[in-house]
Amino acid sequence: MSDDKTLTKIPHFDGHYDHWSELMENLLRAKGLWSLIENGFEEPKGEMLTEAQQTQLEDARTKDHQVKHYLFQAIDRTVFEQILDRRTAKIVWDSMKKKFGGNSKVKKSLLNALRREFEVLEMKREESIDEYFARVMTVANKMRSNGEEMTDTKIVEKILRTLIGKFTYVCVSIEESKDTETMTVDELQSTLVIHEPKFKRVRKDDEDQVLKIEGRSSASRGRGRGRGRAVFNKATVECYKCHDLGHFQYECPKSNKEANYAEFEEEDELLLMAYVELHETNRSEPGLWILGALTTCVVTRKCFQA
Numbered sequence: 001m002s003d004d005k006t007l008t009k010i011p012h013f014d015g016h017y018d019h020w021s022e023l024m025e026n027l028l029r030a031k032g033l034w035s036l037i038e039n040g041f042e043e044p045k046g047e048m049l050t051e052a053q054q055t056q057l058e059d060a061r062t063k064d065h066q067v068k069h070y071l072f073q074a075i076d077r078t079v080f081e082q083i084l085d086r087r088t089a090k091i092v093w094d095s096m097k098k099k100f101g102g103n104s105k106v107k108k109s110l111l112n113a114l115r116r117e118f119e120v121l122e123m124k125r126e127e128s129i130d131e132y133f134a135r136v137m138t139v140a141n142k143m144r145s146n147g148e149e150m151t152d153t154k155i156v157e158k159i160l161r162t163l164i165g166k167f168t169y170v171c172v173s174i175e176e177s178k179d180t181e182t183m184t185v186d187e188l189q190s191t192l193v194i195h196e197p198k199f200k201r202v203r204k205d206d207e208d209q210v211l212k213i214e215g216r217s218s219a220s221r222g223r224g225r226g227r228g229r230a231v232f233n234k235a236t237v238e239c240y241k242c243h244d245l246g247h248f249q250y251e252c253p254k255s256n257k258e259a260n261y262a263e264f265e266e267e268d269e270l271l272l273m274a275y276v277e278l279h280e281t282n283r284s285e286p287g288l289w290i291l292g293a294l295t296t297c298v299v300t301r302k303c304f305q306a
């Protein structure tokens, strides 16, 4: 009995009756208990039973209690209290089917809510590829269980549209080299997972440093509007490694150059953030200055060999 408790994972009822009932039916069939749902169990009334019949009755009672135990483990207190008659497992099952399985309006409303949730899904900056795929597939599977046709193509295109910016060049490469209409979700995930470690080379403190410089330049632009061109002064930059002024961390002369070159040789591509100087534009007002965007550069091994 202890082994049964350890190995049996009860499917939790989360409001999606069709999906849950299929999982629960499969569990009960595997345990040899589905007949308690199909045929039910009734207590004999006023009958004298032989010893063999009494033993059989006790066994049926135990199995019915076991099925009810699985059902009660699958539902929370709110659902439990809606089931007023809980005499047998079949009565509990039929009550849940009536309340949650046959209402087409409820299903339609739920599916519309899931469609909206799927539409607004986007990868978060701190998420890994595996974490984002898990979020997307959770919603997609709920939609499938409620009658929506969710093809791999639809999910693949959704994910490619909503990855964070650092995966842009990978997405372009995938779309140019592969047919996304025949690509599976698993194929896309494995491809992105391979590229993911390359982006982790850009440390958070380097990104913060670039954003800090951008903020200073924006403030300088605001103060200098109409007085002439704002100039980026590198002398004010503080290195995050040695804390001296005049250079970024990746330019630090105290860094181990040999280790860096060896690291570059190990990978074909490395994602770096390049700072673009302030540049001038004449759109609608003279003297309007804008800050050039941070540009993503792919630096290959050839750059260091040149």
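The UniProt record's numbering applies: residue 1 is where the sequence shown begins, and numbers increase by one.
A virtual CB, placed ideally from N, CA and C, is assigned to each residue, including glycine.
- Item | Proximal residues to C242 (C-beta, below 7 Å), its chain only, five neighbours per side dropped | C252 and K254.
- Message: Using only the alpha-carbon positions, how far apart do E122 and L163 sit?
- Response: Taking the straight line joining both Cα atoms gives about 7 Å.
- Message: Please classify K90 as buried or exposed, where buried requires at least 16 neighbouring CB atoms within 10 angstroms.
- Response: Buried is the call here.
- Query: With 16 other CB atoms within 10 Å as the buried threshold, where does Q189 fall?
  - Reply: Under this definition Q189 is a buried residue.
- Tell whether a beta-carbon distance below 8 Å holds between I159 and V136. Taking 8 Å as the cut-off, the Cβ atoms of I159 and V136 count as close.
- Query: Over what stretch of residues does the alpha helix (DSSP H) that includes W93 continue unbroken?
  - Reply: For W93, the uninterrupted alpha helix (DSSP H) run begins and ends at A89 to M96, by DSSP.
- Query: Among E126, V185 and G246, which one has its Cα closest to the Cα of F199?
  - Reply: Of E126, V185 and G246, the residue nearest in Cα terms is E126.
- T88 to E47 span [Cα, whole Å]: Looking at the two C-alpha atoms, the distance is approximately 20 Å.
- Indicate the three-state DSSP secondary structure (helix, strand or coil) for E122 in the structure shown. Looking at E122 - three-state DSSP - the assignment turns out to be coil, as it is neither helix nor strand.
- Message: Rounded to the nearest angstrom, what separates V170 and L114 at their Cα positions?
- Response: One Cα belongs to V170, the other to L114, and the distance between them is close to 29 Å.
- As assigned by DSSP and simplified to three states, the class of L84: Coil at L84, not helix or strand.
- Pick out whichever of L57, L110 and V67 has its Cα sitting closest to the Cα of E25. Of L57, L110 and V67, the residue nearest in Cα terms is V67.
- How would you label N112, buried or exposed, when you count the other beta carbons within 10 angstroms and need 16 or more for buried? A residue is called buried once 16 or more other Cβ atoms fall within 10 Å of its Cβ, and N112, having fewer, is exposed.
- Determine the burial state of S145: buried for a count of at least 16 other Cβ atoms within 10 Å of its Cβ, exposed for fewer. Buried.
- Task: Compute the Euclidean distance between the alpha carbons of T62 and D94, then round it to the nearest angstrom.
- Result: Answer to the nearest angstrom: the Cα atoms are 20 Å apart.
- Task: Let me know if A52 comes out buried or exposed under the rule of 16 or more other beta-carbons within 10 Å of its beta-carbon.
- Result: Answer is exposed; the Cβ neighbour count stays below 16.
- Task: Identify whether L49 lies in helix, strand or coil by the three-state DSSP scheme.
- Result: Correct three-state label for L49: coil.
- Message: Tell me the residue span of the alpha helix (DSSP H) that contains H12.
- Response: Here H12 belongs to no alpha helix (DSSP H), and DSSP marks it neither H nor E.
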